[in-house]
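Oh and the sequence shown: position 544 is 544 in UniProt numbering, straight run, nothing missing. Glycine included, C-beta positions come from ideal geometry on N, C-alpha and C.
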Amino acid sequence: MTSNLTFSKSISDLASITQSYKCTKISENTLFFPLTNESEWSNGIRVLFYFMALLWCFMGVAIAADLFMCAIEIITSKTKKIRVATGEDDNTVSSEYEEVEIRVWNGTVANLTLMALGTSAPEILLSIIEIVGSNFKAGELGPGTIVGSAAFNLFVITAVCVMAIGNGEVKRISSLGVFFTTSFFAIFAYIWLFIILSVTSPNEVEVWEAALTFLFFPVLVISAYIADKDLCSNMLLSKSRKQEVELGNLDLLNERILKKHHPDLIEYMKEITANSRITEDEAAKLIAMKIDANKNKNYGYYRVASLRNIGGGRKPLPKLNEKLQLILVSPKENCSELGQGKLSSATPANEKAYIEFTASAVSVMENCKSVQLGVERSGNIELQVQVGYETIDGTAEAGSDYISKKDVLIFQSNETHKHFEVTIIDDNEWEPDETFFVKLYPTQGTEENVIIGHHSITEVTIINDDDPGTVSFEKPSYIVKESCGKAELAVDRINGADGKLEVLWKTKDQSALHGKDFIGGQGSLIFEHGETCKAINIEIIDDHMFEKDETFVVEFTEIKPAGAKFGRLKRTVVTIVSDDEYKNMFNRVVNLAHVNLDKFELGAESWGQQFREAMNVNGGDVDSASVIDYIMHFITFFWKVLFAFVPPCKWYGGWLAFFIVLILIGILTAIIGDLATLFGCLVGLQKEVTAITFVAMGTSLPDLFASRTAAQVEKFADASVVNITGSNGVNVFLGLGIPWLMAAIFHSIKKTPGGFVTPAGTLATSVVTYTVCSLVCIVLLILRRYLKVFGRGELGGNKTLKYFSGIFMISLWLLYVLVSSLVAYKHISPISF
Numbered sequence: 001m002t003s004n005l006t007f008s009k010s011i012s013d014l015a016s017i018t019q020s021y022k023c024t025k026i027s028e029n030t031l032f033f034p035l036t037n038e039s040e041w042s043n044g045i046r047v048l049f050y051f052m053a054l055l056w057c058f059m060g061v062a063i064a065a066d067l068f069m070c071a072i073e074i075i076t077s078k079t080k081k082i083r084v085a086t087g088e089d090d091n092t093v094s095s096e097y098e099e100v101e102i103r104v105w106n107g108t109v110a111n112l113t114l115m116a117l118g119t120s121a122p123e124i125l126l127s128i129i130e131i132v133g134s135n136f137k138a139g140e141l142g143p144g145t146i147v148g149s150a151a152f153n154l155f156v157i158t159a160v161c162v163m164a165i166g167n168g169e170v171k172r173i174s175s176l177g178v179f180f181t182t183s184f185f186a187i188f189a190y191i192w193l194f195i196i197l198s199v200t201s202p203n204e205v206e207v208w209e210a211a212l213t214f215l216f217f218p219v220l221v222i223s224a225y226i227a228d229k230d231l232c233s234n235m236l237l238s239k240s241r242k243q244e245v246e247l248g249n250l251d252l253l254n255e256r257i258l259k260k261h262h263p264d265l266i267e268y269m270k271e272i273t274a275n276s277r278i279t280e281d282e283a284a285k286l287i288a289m290k291i292d293a294n295k296n297k298n299y300g301y302y303r304v305a306s307l308r309n310i311g312g313g314r315k316p317l318p319k320l321n322e323k324l325q326l327i328l329v330s331p332k333e334n335c336s337e338l339g340q341g342k343l344s345s346a347t348p349a350n351e352k353a354y355i356e357f358t359a360s361a362v363s364v365m366e367n368c369k370s371v372q373l374g375v376e377r378s379g380n381i382e383l384q385v386q387v388g389y390e391t392i393d394g395t396a397e398a399g400s401d402y403i404s405k406k407d408v409l410i411f412q413s414n415e416t417h418k419h420f421e422v423t424i425i426d427d428n429e430w431e432p433d434e435t436f437f438v439k440l441y442p443t444q445g446t447e448e449n450v451i452i453g454h455h456s457i458t459e460v461t462i463i464n465d466d467d468p469g470t471v472s473f474e475k476p477s478y479i480v481k482e483s484c485g486k487a488e489l490a491v492d493r494i495n496g497a498d499g500k501l502e503v504l505w506k507t508k509d510q511s512a513l514h515g516k517d518f519i520g521g522q523g524s525l526i527f528e529h530g531e532t533c534k535a536i537n538i539e540i541i542d543d544h545m546f547e548k549d550e551t552f553v554v555e556f557t558e559i560k561p562a563g564a565k566f567g568r569l570k571r572t573v574v575t576i577v578s579d580d581e582y583k584n585m586f587n588r589v590v591n592l593a594h595v596n597l598d599k600f601e602l603g604a605e606s607w608g609q610q611f612r613e614a615m616n617v618n619g620g621d622v623d624s625a626s627v628i629d630y631i632m633h634f635i636t637f638f639w640k641v642l643f644a645f646v647p648p649c650k651w652y653g654g655w656l657a658f659f660i661v662l663i664l665i666g667i668l669t670a671i672i673g674d675l676a677t678l679f680g681c682l683v684g685l686q687k688e689v690t691a692i693t694f695v696a697m698g699t700s701l702p703d704l705f706a707s708r709t710a711a712q713v714e715k716f717a718d719a720s721v722v723n724i725t726g727s728n729g730v731n732v733f734l735g736l737g738i739p740w741l742m743a744a745i746f747h748s749i750k751k752t753p754g755g756f757v758t759p760a761g762t763l764a765t766s767v768v769t770y771t772v773c774s775l776v777c778i779v780l781l782i783l784r785r786y787l788k789v790f791g792r793g794e795l796g797g798n799k800t801l802k803y804f805s806g807i808f809m810i811s812l813w814l815l816y817v818l819v820s821s822l823v824a825y826k827h828i829s830p831i832s833f
């Protein structure tokens, strides 16, 4: 028995030594590794070393890609000033013109050229380096990575995007012509690969074939550009192209142009600057974030954002406190045209339903087990409409303090009020008051009939007593403009919310007079059980005359029941400012917004800024840094500092950083090629299998996170889905067209017998398998768009079918990997013509 064990161990040792010797022979063809003699290392240590080094280098490529995409973003976001007529509509003939900015680069062209190169640079460079490094002989790693990356992108990333959308929510592709064009080329590219590998010149790539492969790239770009332009009017700023007016330079975009091209933004700016609950600095930050959110973002933006979230780098947008987060989503106005009737003139009450919470804040005792929230509808009450709602963690956390909930409320015809409950968890342990939020949002397909009101989010406070509470004004003073219509004075109920509570109030004239400057007097404010935030509305009179600032006072006089009491702020002062003063304040806020917009830029202005951001977690924003941010910052610190030596992206329009980072990514890619080759050999993987699994996944994971973010944030599915089909075609036309053309020309000049030999074998089978699976995947996406059962959208939809689609797509990827691996290990014969 002992001799048998000894013999088995000897056989195992011999196999390990043989495998190590084999990998040592393979390392003679690598560029950098091994760095030293590893003959005395155990196989396990070498496997672990190369695996960890491979992961670390993938992280380095991701950090380099961050800088690379920043440079591309600078290049493609270049704008030019144009003159547009100042007429009220597109058909008005006017001799007056104003300057606005539009992008120089067409979005589709940018996505298929520089943006596609940015996402596919590692795969393309790996293929080029492998060809050059092997004396222009065909390799397995580069082509395998190209096809494997395409499979991972189309099947896995698309699946994740489909499942990332909320239940019932649907997102569609807007540029359908571009999608069909890129999808055609994404499939044709791989059919073409099979043709040149197995049909026209089996196991050889001739010069004309390689040249044609490369030339298909400009054909793809031109075709997609034509498809894009056909979907739009040829007029310079037609209705479908108005969003191309850039928002970055507010000096050029006056109020009239913003009203014409970005009406929602100008209204938001007015709401924020008129909101007396926030300071000018806070208003400027919110406006800057709103402007940034309204900018046309390409795929590169989301890729940079995802990479920085992974690596603990500076986030494109800073973290806001809870108050500003709520105002950013649903700004509460103290005075605006909306405050007079809830619906703007552009949205008559007989056309749309206006839905909001009945109270902006409620409280509930922990032992009540549940809290009931009211939702009311005004405006059009004839239609049957629906609205979605979901809970959001605050200091209270779902699962430990309450049960998270996400559902839909349906208002039947003439139904104006609905209620729903959220379950509260009573853990029998003392805790301070905790809060969570519930948000209303329009469901897919209801946008044309429903408007979510200002009280789109309600705050729920879980308390531990049954006190009726303390009532106080939220602020000691308010500033409103004369033309606002109404002043909304917030009143808070704290330290308890049990039972019904009534507060009597009255106004006192100061320099502003009742009946002349405002309509005051006296009144009562009623808090129902659990309600913690209400408002007193005072009508403001606009006499259209210039006046100095005027003030009046609102104070509480009595509170019922007897157990309730007044807080510190029993009175508040309201100041009415003239529109001229308000306009000056508006301009000050806009100027401050310019300063905040500079902080949202992806690229750095100087080397000093780059090094500061590289050496500090979250780029220096430590207040919003999580534990994961610190860990990833430590892991990626070397790469961050290394790439901080690259000239800033904003220098020379981004081109200097573009080329330098491209060279550095090339070097890193060569190192990855060596590591992947040796790792695959040590664990007994064929090169082709290593390429379609480890290398393809490593280079594509940043795209996974970026596409998922784009799918969740963008209104349409183009940035996530169309980018995938476009880059898959570019991968072949550039990633194989360039190196194969170089090799074919080299062997043609050298008159090598047999020319540029490229064995079809596993690659041809891998291409055919991918092509068949990709056709099935594209057909599924088309069916999802046109069939009602899927929700008529490429992303999201019915919960069950959404996950079925995603799992089915991932199964296609597993099938592709399985078939390609079986051919690589000669368990099944390769496909031949």
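Between residue 691 and residue 141, how many whole angstroms is the CB-CB distance? I'm expecting something under 8 Å.
Counted from its first residue, the sequence shown places residue 691 at position 691. Counted from its first residue, the sequence shown places residue 141 at position 141. Indeed, because the Cβ distance is near 5 Å, the residues count as touching under 8 Å.
DSSP three-state call for residue 335: helix, strand or coil?
Locating residue 335 in the sequence shown gives position 335, counting from the first residue. With a pLDDT of 36 at residue 335, under the threshold of 50, the modelled position of this residue cannot be trusted, and the question is left open.
Take residue 731 as the anchor and find which of 70, 59 and 151 has the nearest alpha-carbon.
Residue numbering aside, residue 731 sits at position 731 when the sequence shown is read from its first letter. Ranking the options by Cα distance to residue 731, first place goes to 151.
If you follow the alpha helix (DSSP H) that residue 191 is in, where does it begin and where does it stop?
Residue numbering aside, residue 191 sits at position 191 when the sequence shown is read from its first letter. It spans 176–198 - the alpha helix (DSSP H) in which residue 191 sits, taken as one unbroken run.
Measure the beta-carbon distance from residue 539 to residue 486 and round it to whole angstroms, keeping in mind my assumption that it falls under 8 Å.
Within the sequence shown, the letter at position 539 stands for residue 539. Within the sequence shown, the letter at position 486 stands for residue 486. Confirmed, about 6 Å.
CB-CB under 7 Å to residue 745, same chain, minus the five flanking residues each way: which ones, in chain order?
As a first step, residue 745 is located in the sequence shown; it is residue number 745 there, counting from the start. Contacts found: 207.
Tell me the rounded alpha-carbon separation between residue 205 and residue 638.
Working through the sequence shown from its first residue, we reach residue 205 at position 205. Working through the sequence shown from its first residue, we reach residue 638 at position 638. Using only the alpha carbons, I get a separation of about 41 Å.
Does the structure place the stretch 127–144 close enough to the stretch 161–174 that three or more beta carbon pairs sit under 8 Å?
No, the stretch 161–174 is not in contact with the stretch 127–144.
Three Cβ pairs or more, each shorter than 8 Å: is that satisfied between the stretch 70–80 and the stretch 645–664?
Segments in contact, yes.
Note down, in chain order, each residue of its chain lying with its Cβ closer than 7 Å to the Cβ of residue 822, except the 5 sequence neighbours on either side.
Along the sequence shown, read from residue 1 onward, the residue named residue 822 stands at position 822. So the list reads 828, once near-sequence residues are dropped.
Could you give the distance in angstroms between the alpha-carbon of residue 394 and the alpha-carbon of residue 424?
Mapped onto the sequence shown, residue 394 falls at position 394. Mapped onto the sequence shown, residue 424 falls at position 424. Their backbone Cα atoms lie some 14 Å apart in a straight line.
Would you decide whether residue 194 is buried or exposed? Buried here means 16 or more other CB atoms lie within 10 Å of its CB.
Taking the sequence shown and counting its residues from 1, one reaches residue 194 at position 194. Under this definition residue 194 is a buried residue.
For residue 536 versus residue 502, is the C-beta spacing smaller than 7 Å?
The residue given as residue 536 occupies position 536 in the sequence shown. The residue given as residue 502 occupies position 502 in the sequence shown. Going by C-beta atoms, residue 536 is not nearer than 7 Å to residue 502.
Quick one: using the 10 Å Cβ neighbour count with 16 as the cut-off for buried, is residue 709 buried or exposed?
Reading the sequence shown from its first residue, position 709 is the one you call residue 709. Looking at its Cβ environment, which holds 16 or more other Cβ atoms inside 10 Å, residue 709 is buried.
Straight-line CA distance for residue 134 to residue 749?
Numbered from 1 along the sequence shown, position 134 holds the residue referred to as residue 134. Numbered from 1 along the sequence shown, position 749 holds the residue referred to as residue 749. Near 17 Å, if we compare the C-alpha coordinates of residue 749 and residue 134.
Is the separation between the beta-carbon of residue 606 and that of residue 647 shorter than 7 Å?
In the sequence shown, the residue the question calls residue 606 occupies position 606. In the sequence shown, the residue the question calls residue 647 occupies position 647. No, the Cβ-Cβ distance between residue 606 and residue 647 is not below 7 Å.
With C-beta atoms as the reference, is residue 383 less than 7 Å away from residue 472?
Position 383 of the sequence shown holds residue 383. Position 472 of the sequence shown holds residue 472. Contact flag unset, no.
Per DSSP, what kind of secondary structure is residue 165 in: helix, strand or coil?
Residue mapping note: residue 165 aligns to position 165 of the sequence shown, counting from 1. In the structure shown, residue 165 sits in coil (DSSP, three-state: anything other than H, G, I, E or B).
Ordered along the chain, which non-local residues of its own chain (more than five positions away) have a Cβ less than 7 Å from that of residue 211?
Position 211 of the sequence shown, counted from the first residue, corresponds to residue 211. If we look at residue 211 and ignore the five residues flanking it on each side, its Cβ neighbours are 741.
For residue 665, I'd like the list of residues in its chain whose CB is within less than 8 Å of its CB, leaving aside the five on either flank, ordered along the chain.
If you number the sequence shown from 1, residue 665 lands on position 665. Hits under 8 Å: 61, 64, 65, 68, 121, 122 and 125.
Do you know how far the Cα of residue 452 is from the Cα of residue 706?
Locating residue 706 in the sequence shown gives position 706, counting from the first residue. Locating residue 452 in the sequence shown gives position 452, counting from the first residue. Cα to Cα, residue 706 sits roughly 29 Å from residue 452.
Can you give the Cα-Cα distance for residue 57 and residue 612, rounded to whole angstroms?
As a working mapping, residue 57 is identified with position 57 in the sequence shown. As a working mapping, residue 612 is identified with position 612 in the sequence shown. So the alpha carbons of these two residues sit roughly 23 Å apart.
Would you check if the stretch 720–730 and the stretch 170–187 touch, i.e. whether three or more CB-CB distances between them fall below 8 Å?
Enough Cβ pairs lie closer than 8 Å, so yes.
Confirm, please, whether the CB-CB distance from residue 575 to residue 549 is below 7 Å.
Taking the sequence shown and counting its residues from 1, the one referred to as residue 549 is at position 549. Taking the sequence shown and counting its residues from 1, the one referred to as residue 575 is at position 575. Yes, the pair counts as a contact, with Cβ atoms nearer than the cut-off.
Does the separation of the CB atoms of residue 127 and residue 764 fall below 7 Å?
For the purposes of this step, residue 127 is identified with residue 127 of the sequence shown, where counting begins at 1. For the purposes of this step, residue 764 is identified with residue 764 of the sequence shown, where counting begins at 1. The answer is no: Cβ separation not under 7 Å.
Leaving out the 5 sequence neighbours to the left and right, which residues in its chain are closer than 7 Å to residue 768 when beta-carbon positions are compared?
Taking the sequence shown and counting its residues from 1, one reaches residue 768 at position 768. Closer than 7 Å at the Cβ level, and outside the excluded window around residue 768, lie 194 and 831.
Quick one: using the 10 Å Cβ neighbour count with 16 as the cut-off for buried, is residue 130 buried or exposed?
In the sequence shown, counting from the first residue as 1, residue 130 sits at position 130. Buried, because 16 or more other Cβ atoms sit within 10 Å of the Cβ of residue 130.
Are the stretch 408–427 and the stretch 366–385 in contact at 8 Å, needing three or more beta carbon pairs?
With the cut-off at 8 Å, the stretch 408–427 and the stretch 366–385 touch.
Return the chain-ordered ranges of every beta strand (DSSP E) run that is complete within the stretch 343–399 and spans a minimum of 3 residues.
For the stretch 343–399, whole beta strand (DSSP E) runs of length 3 or above, ordered along the chain, are 353–357, 361–365, 370–379 and 385–393.
Cβ of residue 577 within 7 Å of Cβ of residue 516?
Along the sequence shown, one-based indexing puts residue 577 at 577. Along the sequence shown, one-based indexing puts residue 516 at 516. Taking 7 Å as the Cβ cut-off, residue 577 and residue 516 do not qualify as a contacting pair.
Rounding to the nearest angstrom, what Cα-Cα distance links residue 158 and residue 806 in this structure?
In the sequence shown, the residue the question calls residue 158 occupies position 158. In the sequence shown, the residue the question calls residue 806 occupies position 806. C-alpha separation (whole angstroms): 8 Å.
Let me know the secondary structure DSSP gives residue 232 once reduced to three states.
Your numbering for residue 232 matches position 232 in the sequence shown. Reliability of the predicted coordinates at residue 232 is poor, the pLDDT of 45 falling under 50, and the value obtained from them is presented with this limitation in mind. Of the three classes helix, strand and coil, the one that applies to residue 232 here is coil, per DSSP.
Quick one: Cα of residue 234 to Cα of residue 108, how far?
For the purposes of this step, residue 234 is identified with residue 234 of the sequence shown, where counting begins at 1. For the purposes of this step, residue 108 is identified with residue 108 of the sequence shown, where counting begins at 1. Residue confidence is low: residue 234 scores 43 on pLDDT, short of 50, so the model does not pin down where it sits. Its coordinate-derived value is still stated next. Residue 234 and residue 108: Cα-Cα distance of roughly 16 Å.
Whole angstroms are fine: how far does the CA of residue 720 sit from the CA of residue 148?
Reading the sequence shown from its first residue, position 148 is the one you call residue 148. Reading the sequence shown from its first residue, position 720 is the one you call residue 720. If you take the alpha carbons of residue 148 and residue 720, they lie about 19 Å apart.
Using the Cα positions of residue 555 and residue 566, report the straight-line distance between them to the nearest angstrom.
As a first step, residue 555 must be located in the sequence shown, where it is residue number 555. As a first step, residue 566 must be located in the sequence shown, where it is residue number 566. Rounded to the nearest angstrom, the two C-alpha atoms are 11 Å apart.
Please classify residue 645 as buried or exposed, where buried requires at least 16 other C-beta atoms within 10 Å of its C-beta.
Translated into positions along the sequence shown, residue 645 becomes position 645. Flag for residue 645 reads exposed.
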